[in-house]
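Below is one structure; the comments refer to it alone.
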Amino acid sequence: MIQGKKVIVVLPAYNAGKTLERTVAAIPREGVDDIILVDDASRDETVRVARSLGLGEVLVHPRNSGYGANQKTCYRAALGRGADIVVMLHPDYQYDPRLIPAMAGMVASGIYGIVLASRILGSGSTGALAGGMPWWKYVANRALTAFQNLLTGAKLSEYHTGYRAYSAAALREIPFLANSDDFVFDNQLLVQAVAAGVPIGEVSCPTRYEPESSSISFARSVRYGLGVLGTTFAFRAWRWGLAKPRFLAFSAGDFVAGGGGAEDPVAREQVVHERDRARGEDL
Numbered sequence: 008m009i010q011g012k013k014v015i016v017v018l019p020a021y022n023a024g025k026t027l028e029r030t031v032a033a034i035p036r037e038g039v040d041d042i043i044l045v046d047d048a049s050r051d052e053t054v055r056v057a058r059s060l061g062l063g064e065v066l067v068h069p070r071n072s073g074y075g076a077n078q079k080t081c082y083r084a085a086l087g088r089g090a091d092i093v094v095m096l097h098p099d100y101q102y103d104p105r106l107i108p109a110m111a112g113m114v115a116s117g118i119y120g121i122v123l124a125s126r127i128l129g130s131g132s133t134g135a136l137a138g139g140m141p142w143w144k145y146v147a148n149r150a151l152t153a154f155q156n157l158l159t160g161a162k163l164s165e166y167h168t169g170y171r172a173y174s175a176a177a178l179r180e181i182p183f184l185a186n187s188d189d190f191v192f193d194n195q196l197l198v199q200a201v202a203a204g205v206p207i208g209e210v211s212c213p214t215r216y217e218p219e220s221s222s223i224s225f226a227r228s229v230r231y232g233l234g235v236l237g238t239t240f241a242f243r244a245w246r247w248g249l250a251k252p253r254f255l256a257f258s259a260g261d262f263v264a265g266g267g268g269a270e271d272p273v274a275r276e277q278v279v280h281e282r283d284r285a286r287g288e289d290l
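If you want this note's numbering, it's the 1-based position in the sequence shown plus 7.
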């Protein structure tokens with residue numbers, strides 16, 4: 008626990024067999040109460056490796072459902088296990104797990120409902136480009152972030168990090184189950200947070216782009232970028248009262264601790280629990 012708050016780390020995994028063990032080994036155990044991995048029907052050894060690491064829970068999607076769907080399972084599982092703070096970390100060893108206590112501590116303070124580990128805030132040897140981020144991704148990141156800040160009124164250094172800490176209250180308030188099952192899920196969640204008035208903090212995070220680290224293709228990146236533009240225009244139209252997109256089905260600035268929106272337990276038909284899968288039993 009951190010400041011009396013139960014901290015659960017969730018790992019949305021897909022073909023992370025080569026990097027999972029290193030990622031888990033680097034997670035500080037002090038202050039972290041539980042680790043949940045959700046595997047999105049990987050084709051490699053991710054599940055076997057996860058089983059061997061003694062994680063608190065390993066959940067497996069019976070079919071590939073998408074990055075966003077993976078996170079939906081992650082957050083519902085963490086809330087179902089009584090998390091006060093949920094830290095989402097990609098298991099590809101791209102981000103430094105040693106920041107978990109700092110990020111969780113910022114949420115535990117009550118000042119922030121969400122804390123982002125930003126690759127953009129760093130400079131010199133800790134900057135995104137120094138860590139190996141492709142130049143075209145860096146340019147796209149900066150351009151999309153500037154565009155979203157302009158239209159949402161937020162002042163974030165980036166919206167696209169895969170390393171975040173959430174308060175349970177924020178996750179219950181934000182209707183994240185209405186979001187895309189694809190990569191734009193992350194972006195929609197932050198736009199929802201801005202709409203709901205959830206305070207968002209940031210910390211600088213060095214990044215590593217190694218051969219084993221996951222990275223979406225250029226074509227998927229273009230698709231993601233278009234999704235970000237669509238999300239932002241939808242927010243603007245919602246703010247002006249011109250549209251009511253499903254993922255923004257709540258009133259502006261209505262964030263309150265303990266609000267509802269994600270209280271359902273993990274959908275039993277959506278995942279296979281490893282302890283039951285080992286016995287050959289589907290839930």
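Note that CB positions come from ideal geometry on N, CA and C, so glycine has one too.
Euclidean distance between Cα positions of residue i and residue j
i, j, result
"Lys-13", "Asp-40", "6 Å"
"Thr-239", "Leu-158", "7 Å"
"Trp-247", "Ala-176", "27 Å"
"Tyr-102", "Ala-124", "8 Å"
"Ile-46", "Ala-84", "According to the sequence displayed, residue 46 carries Asp and not Ile. Cα-Cα distance, rounded: 13 Å."
"Arg-36", "Ile-107", "10 Å"
"Gly-160", "Val-67", "38 Å"
"Ala-200", "Leu-60", "33 Å"
"Ile-9", "Ile-118", "14 Å"
"Ala-135", "Arg-126", "5 Å"
"Val-114", "Ile-92", "7 Å"
"Ser-211", "Thr-168", "11 Å"
"Ala-244", "Phe-257", "14 Å"
"Arg-70", "Val-54", "13 Å"
"Pro-182", "Leu-62", "28 Å"
"Ala-57", "Val-65", "7 Å"
"Arg-105", "Leu-233", "33 Å"
"Leu-255", "Leu-196", "10 Å"
"Gly-265", "Gly-11", "Unreliable placement is indicated for Gly-265, whose pLDDT of 43 sits below 50; no coordinate value is reported for it."
"Ala-90", "Ile-42", "11 Å"
"Asn-156", "Asp-193", "16 Å"
"Ala-137", "Gly-38", "30 Å"
"Gly-139", "Ser-116", "33 Å"
"Lys-162", "Ile-207", "10 Å"
"Leu-249", "Asn-148", "28 Å"
"Arg-253", "Gly-237", "13 Å"
Beta carbon of residue i nearer than 7 Å to that of residue j
i, j, result
"Asp-51", "Gly-73", "no"
"Val-94", "Val-146", "no"
"Val-205", "Ile-121", "yes"
"Asn-186", "Gly-87", "no"
"Tyr-82", "Leu-178", "yes"
"Phe-154", "Val-198", "no"
"Thr-152", "Tyr-170", "no"
"Glu-209", "Ser-164", "yes"
"Pro-213", "Gly-129", "yes"
Range of the contiguous alpha helix (DSSP H) that encloses residue i
i, result
"Asp-193", "192–203"
"Asn-54", "It should be pointed out that residue 54 corresponds to Val in this sequence rather than to Asn. First-last of the alpha helix (DSSP H) with Val-54: 53–59."
"Glu-37", "Here Glu-37 belongs to no alpha helix (DSSP H), and DSSP marks it neither H nor E."
Terminal residues of the beta strand (DSSP E) in which residue i lies
i, result
"Arg-171", "170–174"
"Ala-124", "121–125"
"Gly-208", "207–211"
"Ala-20", "14–20"
"Val-45", "41–46"
DSSP state of residue i mapped onto helix, strand, coil
i, result
"Leu-66", "strand"
"Ile-107", "helix"
"Thr-238", "helix"
"Tyr-102", "strand"
"Val-93", "strand"
"Leu-151", "helix"
"Thr-80", "helix"
"Thr-214", "strand"
Integer-rounded CB distance, given that residue j should sit under 8 Å from residue i
i, j, result
"Leu-184", "Lys-79", "6 Å"
"Ala-20", "Leu-27", "7 Å"
"Glu-180", "Ala-202", "No, Glu-180 and Ala-202 are not in contact; Cβ-Cβ is about 11 Å, not under 8 Å."
"Tyr-231", "Phe-190", "5 Å"
"Leu-44", "Leu-96", "The pair is not a contact, with the Cβ atoms about 10 Å apart (cut-off 8 Å)."
"Pro-141", "Thr-30", "Not confirmed; about 21 Å, so no contact."
"Asn-293", "Ser-49", "Since the displayed the chain opens at 8 and closes at 290, residue 293 lies outside it and no answer follows."
"Met-110", "Ala-150", "No, Met-110 and Ala-150 are not in contact; Cβ-Cβ is about 26 Å, not under 8 Å."
"Lys-144", "Ser-228", "7 Å"
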